[in-house]
Amino acid sequence: MRPTDVGHPDYFHRVVDCQWACPAHTNVPEYIRLIAQGRFTEAYLVNRASNVFPGILGRTCDRPCEPACRRTRVDGTPVAICRLKRVAADHRDEVAHLIPTAPSEKNGKKVALIGAGPASLTVANDLMPLGYAVTIFEKLPRAGGLMRINIPSFRLPEPVLDEEIGYIVNMGVEMRFGTPVTSLKALLDSGEFDAVFVGSGAPRGKELDIPGRRDSDQIFLGIEWLESVHFGHVDSVGSHVVIIGVGNTAMDCCRSAKRLGATDVKVVARKTRKYFKASPWELEDAEEEGVEILENLQPIRFVLEQGRLVGMEFDRFRSIEVDGTLQQEVVGREIIPCDTVILAIGQDNAFPWIERGIGLEFGKWDMPVVDRTTFMSTRPGVFFGGDAAFGPANIIWAVEHGHQAAISIHNHCQGVPVTERPPRGVTLTSTKMGLHEWAYSNNYDPSGRQKMQHVEMPLRFQNMTTEVEKGFTAEQTRTEVERCLNCDVQTHFTDSLCIECDACIDICPVDCLTITPNGEEADLRTRLMAPADNTDQPIFVSGQLKQTGRVMVKDENVCLHCGLCAERCPTFAWDMRRAVIDLPHAGAAVALVTR
Amino acid sequence: MTYIAKPKVHHPALQKNAIGLVRRDYEGSVTTLCAGCGHDSVTAAIIQAFWELSVHPHRVAKLSGIGCSSKTPTYFLREAHGFNGVHGRMPALVTGANAANGDLLYIGVSGDGDSLSIGLGQLCHAIRRNVNALYVLENNGVYGLTKGQFSASADPGSLSKRGEANTMEAIDGCLLALTMGATFVARSFSGDKEQLVPLLKAGLAHKGFAFISIVSPCVTFNDHEGSTKSYAYTREHMVEVVEADFVMPTKAITTQYDPGTTRSVTLHDGSRVQLTKVADDYDPTDRDRAYGYVREKHKAGQIVTGLLYIAPDSSDMHEQANTVAAPLHDLPYETLCPGSAALDKLQTRFR
Ligand SMILES: Cc1cc2nc3c(=O)[nH]c(=O)nc-3n(C[C@H](O)[C@H](O)[C@H](O)COP(=O)(O)OP(=O)(O)OC[C@H]3O[C@@H](n4cnc5c(N)ncnc54)[C@H](O)[C@@H]3O)c2cc1C
Ligand SMILES: Cc1ncc(C[n+]2csc(CCOP(=O)(O)OP(=O)(O)O)c2C)c(N)n1
Ligand code: SF4
Ligand code: SF4
Ligand code: SF4
Ligand SMILES: [Mg+2]
């Protein structure tokens, strides 16, 4: 193999598994260290720079970082990254004065954002400080999108939403509430805006057209029903509720139904648990509240008696897994009695307000054609992001889309091609402070993952607004922060210094290191102290070593970042260096692209 | 020395040996030697060898004298028995311990100062007695622990860290062992575990005194230019004469050996050492020629490594002295101490 280029911004970034997996590339280990030092405000700001809504995401994020966390490969459970995010948000001081502000002198460019969900809000967050005049059109009377109207407040309290959305709106965004955009053509033709961003989400709940669907008023679409609950149009529900589908929406519907007085709530799924869309923690939380989750049932009709909904009939499946795919066959029929059914089987996009023939192409499934890097549609100056771009995803993806679209909008308005992205970079700083002293807590803490405490059962059903999760205690926080392995403090090797004494290899607790003759990657991976069979993880290869011409190889897979290799190295060939990955947002582009 | 203890957590794919232990189970407490010391690599090789042999750690006794090298038994086999004696007296300790309990596996670790200066006489007699033990001499050419004075193994002309040349002749532990009649003599290098680990295993399986001298650089006091015991110098000057591969008694030979250059020596427990000649004119079972060969190469500036000499059917101290085979602590008290009547009877024989 050729020597690894650790100066490439992706190499060390990949080693920080959580940051690499986070769509917005939040610098997780850095904020965890700040929390460990009690610097909650700074921890919050590190979060906010990437994910914009730390308080909201600290409660609701889909957490793609956690399954990626190295700690899972070391002791089986990831660091509670998301919970720690909430710790930073809950314990920080006032930050209003630390949030970027818009300059009083504007840059003369106007941008329209359609929808006030997380995607649009992120675009506004990035563009306002650059002097843009930003207008948000929102059909509803309040900002937040699905975060506000669909995610129930027992999971996400309104004050948290208000505060974090406020930081953006208060930069001076012009909010036009109760103003649905009904014609994109008209908006574009008005010539008022230099760029338009569509962040209108995926607002239509999927239908289930089976017999009986139109014969009762006790059959609801999940996202519409949650919205009605949010606005107080619905404040009660039947006592026997069946929810069809087992994704995020179903989980929020079943738990809301419990709080509106339902005594018997069943969530019914066609597939088996392994294939459920809801996250494992959402399923656990619902089951803890007494929601029954049934599998292998496919709805075939609504059962009505004298026009009243009394049940739902299902085909019962037997499921087996063959070569990793689920195979199901019908083995019977079954009626589940109920008086209310909520359909939560997914969302569709709908753009009835976007005219065809305005240079904005639609492709497969009647979705607009959107570039995955620039987020621009085929009509220059019109951008998409969030659920509107590629279908329903989650908040953190909406945020990242917003960041990328903001870069493109900025380029577009400044006459720079949208394809010209600001370059990523990496800066390395040694953490060495003494012979055995490092600027981070390098000792491995064998503690297990801390469990979130919940509000006691009867209490939490009293209303819709009692937040169930209590947040970590100080003790839990102290333990959990130490579980983080500091994967951003990188093992950095200088081959010219190595005397091949093997000290680093002998001390490494997890057999990451080997000195061996060079070879092709596939072959090298089999010749290491421990076989490097996790090919998702990179291996580092040094240049030729002076004494024998062999190379130093490191399998990054389970490195604890304990620094023992660097402590045992007599020549400081190994050093522990903190890598800061520079992932620029809008604004950096102009500074870097000089012409 | 390192401040944090080596975390217990290990690689998820770490293999278990025949008795269900992973390599990490054979470690001791974390080293307090200088970072980069050759002795730590020898420790790692010892850990590997015991793991590969699936030895129960509590069936091992570790003995040593004084010196950085003599500190190392603390760093492996934390569950083994151990005794850290006074300077140069480890050979007497291992002899005594073995006399009292021949059932344990003995490993003695020493340095060139411990073995070739203060303990020279002790070593010679342990060799003569053919005590059943593995004797590891970690040779760095200096007294590391007392800050780097030349030891008896320092080569004439080798420079100290301050630039003074050593003027005295060196004692080569391997030549000494050959002269004293050692039944197993090997030389290796701390930086070559591929060679070292099989030698350690063969030494542990050998019945009798297995002497291994290992060039093990003192990174702090003897790893500079002008030293003949540095990492760089050793790598440039070492030549392997016989490559030893150790084969467990139960294991079939799967590797293809070329009969022209390879021979197999079967040890008392049925295990085998496959000897592959790297140098054409070398015979590891001919003591005199081995001696001559090592001397000759030394004059040419080469450090001969590998299994230099082996006498497969040697008889150890217990056999020679016809002493009781069972460990003394297993003997009934009356047998061990037959009482004053028996003593009187014995004494009358000498009147
Ligand atoms: C029940 C439910 C629970 C969820 N739970 C989570 C969770 O726990 N964690 C998570 O990460 N994600 C969750 N999601 C997904 C997440 O809410 C969305 O992916 C995210 O909000 C998408 O953001 P967005 O900005 O693209 O659009 P949205 O949040 O959908 O916002 C779009 C906004 O545009 C407005 N709008 C639409 N059309 C127009 C128009 N023509 N003119 C003006 N305004 C318009 C809408 O009123 C809305 O306010 C959940 C989704 C649902 C349905
Ligand atoms: C009786 C006695 N004399 C002298 C000493 C001082 N002393 C301690 S270690 C040592 C030499 C150790 O050299 P070596 O065996 O080569 O070990 P190394 O530290 O080089 O591994 C000496 C002379 C002592 N401890 N006891
Ligand atoms: S930091 Fe060094 S010693 Fe620690 S696990 Fe990683 S490679 Fe091994
Ligand atoms: S400890 Fe340092 S000098 Fe020794 S092998 Fe490792 S990198 Fe090289
Ligand atoms: S002084 Fe020399 S022999 Fe002793 S620990 Fe340090 S490097 Fe090893
Ligand atoms: Mg010495």
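Chains A and B are the protein sequences, given in the same order. Here my numbering is used: position 530 in the first sequence is 520, and no number is missing along the way. Here my numbering is used: position 193 in the second sequence is 324, and no number is missing along the way. Virtual Cβ for every residue (Gly too), placed ideally from N, Cα, C.
Would residue i and residue j qualify as a contact pair, given that the criterion is a beta-carbon distance under 9 angstroms?
i: H399(B); j: N229(B); result: no
i: G381(A); j: M357(A); result: yes
i: L120(A); j: K75(A); result: no
i: N215(B); j: S200(B); result: no
i: C488(A); j: V548(A); result: no
i: V346(B); j: I434(B); result: yes
i: N286(A); j: P193(A); result: no
i: Q537(A); j: R366(B); result: yes
i: R260(B); j: F315(B); result: no
i: N384(A); j: D242(A); result: no
i: L290(B); j: G357(B); result: yes
i: R4(A); j: Q527(A); result: yes
i: Y430(A); j: V479(A); result: yes
i: H551(A); j: L475(A); result: yes
Would you kindly work out how many angstroms separate the C-alpha atoms of residue i and residue j, rounded to a whole number?
i: L477(B); j: C498(A); result: 60 angstroms
i: N232(B); j: V217(B); result: 21 angstroms
i: Y422(B); j: A442(B); result: 14 angstroms
i: L582(A); j: N41(A); result: In this prediction, L582(A) scores a pLDDT of 42, lower than 50, which makes its location untrustworthy; the coordinate-derived value is nonetheless stated afterwards. L582(A) and N41(A): Cα-Cα distance of roughly 23 angstroms.
i: V153(B); j: P138(B); result: 15 angstroms
i: K256(A); j: G222(A); result: 23 angstroms
i: P204(B); j: I178(B); result: 10 angstroms
i: A33(A); j: A39(A); result: 10 angstroms
i: T584(A); j: H402(A); result: The predicted model places T584(A) with a pLDDT of 37, which falls under 50 and marks its position as unreliable; any figure quoted below should be read in that light. Cα to Cα, the separation comes out at about 15 angstroms.
i: T467(A); j: A334(A); result: 35 angstroms
i: E351(A); j: G371(A); result: 13 angstroms
i: P222(B); j: I197(B); result: 12 angstroms
i: A123(A); j: E182(A); result: 11 angstroms
i: V500(A); j: A86(A); result: 45 angstroms
i: E164(A); j: R260(A); result: 45 angstroms
i: G577(A); j: A396(A); result: 9 angstroms
i: A579(A); j: E410(A); result: Its pLDDT being 45, under 50, A579(A) is placed unreliably in this model, and the value from its coordinates should be taken loosely. Approximately 8 angstroms, taken between the alpha carbons.
i: T174(B); j: S486(A); result: 26 angstroms
Locate the beta strand (DSSP E) running through residue i, then write down its first and last residues.
i: I141(A); result: That residue, I141(A), is in no beta strand (DSSP E); it is neither H nor E in DSSP.
i: V372(A); result: V372 to F374
i: P327(A); result: T315 to P327
i: W387(A); result: Looking at the DSSP string, W387(A) is not in any beta strand (DSSP E); the run it does join, the alpha helix (DSSP H), is I385 to Q404.
i: A341(B); result: F340 to V346
i: M369(B); result: M369 to V378
i: D419(B); result: From DSSP, D419(B) is part of no beta strand (DSSP E) but of the alpha helix (DSSP H) over R418 to K430.
i: M165(A); result: E164 to R166
i: A317(B); result: F315 to F320
i: I335(A); result: First-last for I335(A): undefined, no H or E at that position.
Over what stretch of residues does the alpha helix (DSSP H) that includes residue i continue unbroken?
i: W10(A); result: D7 to A11
i: T469(A); result: A464 to R473
i: N270(B); result: Where N270(B) is concerned, there is no enclosing alpha helix (DSSP H), although the beta strand (DSSP E) it sits in stretches over A264 to N270.
i: I178(B); result: G169 to E183
Across which residues does DSSP place residue i in a beta bridge pair?
i: R298(A); result: E295(A)
i: L290(B); result: A296(B)
i: G213(B); result: K193(B)
i: L503(A); result: K544(A)
i: V479(A); result: R568(A)
i: L236(B); result: V191(B)
i: S226(A); result: For S226(A), which the question treats as bridged, DSSP gives no partner whatsoever.
i: L287(A); result: R306(A)
i: A102(A); result: T125(A) and V186(A)
Just to check, is the beta-carbon of residue i closer than 8 angstroms to a non-hydrogen atom of ligand 7?
i: W564(A); result: Ligands in the displayed structure: ligand 1, ligand 2, ligand 3, ligand 4, ligand 5 and ligand 6; ligand 7 is not one of them.
Can you find at least 3 beta carbon pairs, one from the segment 236 to 254 of chain B and one from the segment 275 to 284 of chain B, that sit closer than 8 angstroms? yes
Would you be able to state if there are at least three C-beta pairs under 8 angstroms between the segment 117 to 135 of chain A and the segment 77 to 97 of chain A? yes
Can at least three beta-carbon pairs, one atom from the segment 144 to 153 of chain A and one from the segment 101 to 109 of chain A, be found at a separation below 8 angstroms? no
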